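The structure appears right after this line, and notes come after that.
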Amino acid sequence: MNPPMKCRFKIDFVSREHRFCLGVDRETGGYYLSTPVSGVNRAVEWEAYFSVDSGQFARFRADPSAADDFTEDCRTGRNKEILIYPR
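Per the UniProt record's numbering, the very first residue in the sequence shown carries number 1; after that it's consecutive.
See below:
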């Protein structure tokens, strides 16, 4: 049984300005970046979690603006292959 999402993802860093969080996926031990995404009509917004490697994690934590292109790709569906949740 998978743990509830709030328990699965442990937040390590928050950038309100750049609208993302970084943390550890307790289920896999890997790193993630979460960011709000919305549907086509933008009527609904939800938090999506994407896998990142240790280098990306360190770089985005040290310089949040370095994640701008990556988070935009996540928000627009161009990083679906690394989507952790929701699937």
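We put the CB at the ideal spot given by N, CA and C, even for glycine.
Just so it is clear, the structure is predicted and the values come from calculations on it, not from any experiment.
Counting only unbroken stretches of 3 or more residues, the beta strand (DSSP E) elements lying wholly within the region 43 to 77 are 45 to 52, in sequence order.
Contact check for Ser38 and Glu47: beta-carbon distance about 11 Å, past the 8 Å limit, so the pair fails to qualify. For the set Pro86, Gly77, Asn79 and Phe60, the Cα lying nearest the Cα of Arg19 is the one of Phe60. With fewer than 16 other Cβ atoms inside 10 Å of its own Cβ, Gly77 counts as exposed.
For Gly30, the closest C-alpha among the options Ala66, Asp53, Ala62 and Cys74 is that of Asp53.
Taking C-beta atoms as the reference points, Ile84 and Phe50 count as a pair closer than 8 Å.
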